[in-house]
Amino acid sequence: MSVVELSEIYRCYRAGEYVLRGVSLSVEPGEVVALIGRNGAGKTTLLKVALGLLQAQRGSVRLFGLDPRLEPVEVKRRTGYVSTEQVFPPYLRVRDVIEIHRSLFPTWDLTLERELCSRFAFTTRERIDQLSTGQARRVAVLCAIAHRPELLLLDEPAGGLDPATRREFLATALQLLADQGSAIVFSSHYMSDVERIASRVCLLHRGERVIDRNLDALREGTTLVVLPGGHLMPADLRALEGCLSARVVSGELRGVFEGEESSVRARIRRLSPSHFPVCKQLALEDLIIEDKQAVGDRVVTLEPELAHCAAVTST
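Per this note's numbering, numbering through the sequence shown is continuous, rising by one, with the last residue being 336.
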């Protein structure tokens, strides 16, 4: 059974303005899935919908086969969650926050708690309002991991952490995965972190899932094509098999394709034998930049009832 099963999720905050457009995502035990994309792509909203913190206007959400809106306690006991907006009461001490979480989770591991306190180098006597952003994030990560959840949902978990602490956090996440096969879904703008721990990459753009592929396959099978402008148009490339995006930049025609360099070059040559395209493999960070137009020119037709969805207030 899949740990996460999201099917055709639509979500808007204001009528007609969709943050998610028909996104589906399935995560199996032991998988580490990275959500990448520009700010506003829908990553945070998707994680909140998955946990039941937001309700989709349409679509199906299941965690461990359960509906998180109908069985929130059972789902949250088996899940760890770190939000970019995580706020603890400022007057509490770190030890108070940990004690509250300890009482909520029957599977809380005291040994792991002590290990994380040591790794993250903070004292439990400090008050929350005395912590830096990075220190507060460490507390949130500890509370999300110390009960050894079956699923970790992490929204920019390394935000505010220095490079050394980020590495420490990643090591902890990997250890948890190795120990019990927990599934991890995390969003991140740090491509080095994605490449270090993710097994799959899901690229969101303007609320749509543009790419969902194994990381190794994505590394080896995504090609950037560069051609002189003026002879072919972006529409010509988009008509080819495997084209993810095409646009003109500084007089050059640039396209992103699924496939190895030789295969993509052959497709271009069949389209225009007189052209010799420059082809190269694309790094993840470049993929986000190049792919920003991947769905920008597509017309998304929404069903009538979705076009009139009610505005939903969210924090």
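We put the CB at the ideal spot given by N, CA and C, even for glycine. Computed from a predicted structure; not experimentally measured.
How many Å lie between residue i and residue j at the Cα?
i: R123; j: V40; result: 35 Å
i: R290; j: S81; result: 43 Å
i: V96; j: H252; result: 55 Å
i: A315; j: R187; result: Interpretation of A315 is limited by its pLDDT of 42, a score under 50 that renders its predicted location unreliable; the figure taken from the coordinates is listed afterwards. Distance between the alpha carbons of A315 and R187: 31 Å.
i: L236; j: P184; result: 22 Å
i: S23; j: E136; result: 30 Å
i: T154; j: F190; result: 15 Å
i: L274; j: H226; result: 21 Å
i: T145; j: L67; result: 32 Å
i: D176; j: V270; result: 32 Å
i: E229; j: R42; result: 5 Å
i: L91; j: C33; result: 21 Å
i: G272; j: D257; result: 16 Å
i: I166; j: R83; result: 21 Å
i: K69; j: C300; result: 38 Å
i: L28; j: R79; result: The displayed chain sequence assigns Ser, not Leu, to residue 28. C-alpha separation (whole angstroms): 9 Å.
i: G37; j: S47; result: 26 Å
i: F143; j: V115; result: 9 Å
i: L224; j: V44; result: 11 Å
i: L195; j: S284; result: 35 Å
i: L75; j: M254; result: 41 Å
i: P50; j: G250; result: 47 Å
i: C138; j: A192; result: 14 Å
i: F85; j: N60; result: 29 Å
i: T132; j: V54; result: 27 Å
i: A238; j: P110; result: 44 Å
i: F278; j: W129; result: 46 Å
i: R259; j: P89; result: 39 Å
i: G280; j: R35; result: 38 Å
With residue i and residue j assumed to form a contact (beta carbons below 8 Å), what rounded beta-carbon distance in angstroms separates them?
i: I119; j: E106; result: Incorrect: roughly 20 Å between the Cβ atoms, too far for contact.
i: T244; j: E282; result: 5 Å
i: E216; j: L308; result: The pair is not a contact, with the Cβ atoms about 12 Å apart (cut-off 8 Å).
i: G263; j: H168; result: So it is not a contact: roughly 43 Å between Cβ atoms.
i: V222; j: R234; result: 6 Å
Determine, using beta carbons only, whether residue i and residue j come nearer to each other than 8 Å.
i: V103; j: P178; result: yes
i: S208; j: P170; result: no
i: V206; j: L87; result: no
i: E52; j: S220; result: yes
i: F141; j: L163; result: yes
i: L248; j: P298; result: yes
i: Y112; j: R158; result: no
i: A71; j: Y31; result: no
i: L265; j: I218; result: no
i: A346; j: G276; result: Only positions 22 to 336 of the chain appear in the structure, and residue 346 is not among them; the question remains open.
i: L303; j: L261; result: no
i: K64; j: G58; result: yes
Residue i by DSSP, collapsed to three states: which one?
i: Q151; result: helix
i: H226; result: strand
i: V25; result: strand
i: R217; result: helix
i: Q156; result: helix
i: Q78; result: coil
i: A204; result: strand
i: P249; result: strand
i: E306; result: helix
i: T66; result: helix
i: F278; result: strand
i: R42; result: strand
i: E49; result: coil
i: S266; result: strand
i: V189; result: With the sequence shown as reference, residue 189 is identified as Glu, and Val is not the correct amino acid for it. Helix, per DSSP.
i: E171; result: coil
i: E273; result: strand
i: T144; result: coil
i: L261; result: coil
By the 10 Å Cβ neighbour count, where 16 or more other Cβ atoms means buried, how is residue i classified, buried or exposed?
i: V94; result: exposed
i: E241; result: exposed
i: I121; result: exposed
i: R99; result: buried
i: A161; result: buried
i: L197; result: buried
i: Q201; result: exposed
i: D214; result: buried
i: Q151; result: exposed
Flag residue i as yes when its Cβ comes closer than 7 Å to any non-hydrogen atom of the ligand NAD, and as no otherwise.
i: G51; result: In terms of ligand content, the structure shown is empty, and the ligand NAD therefore cannot be addressed.
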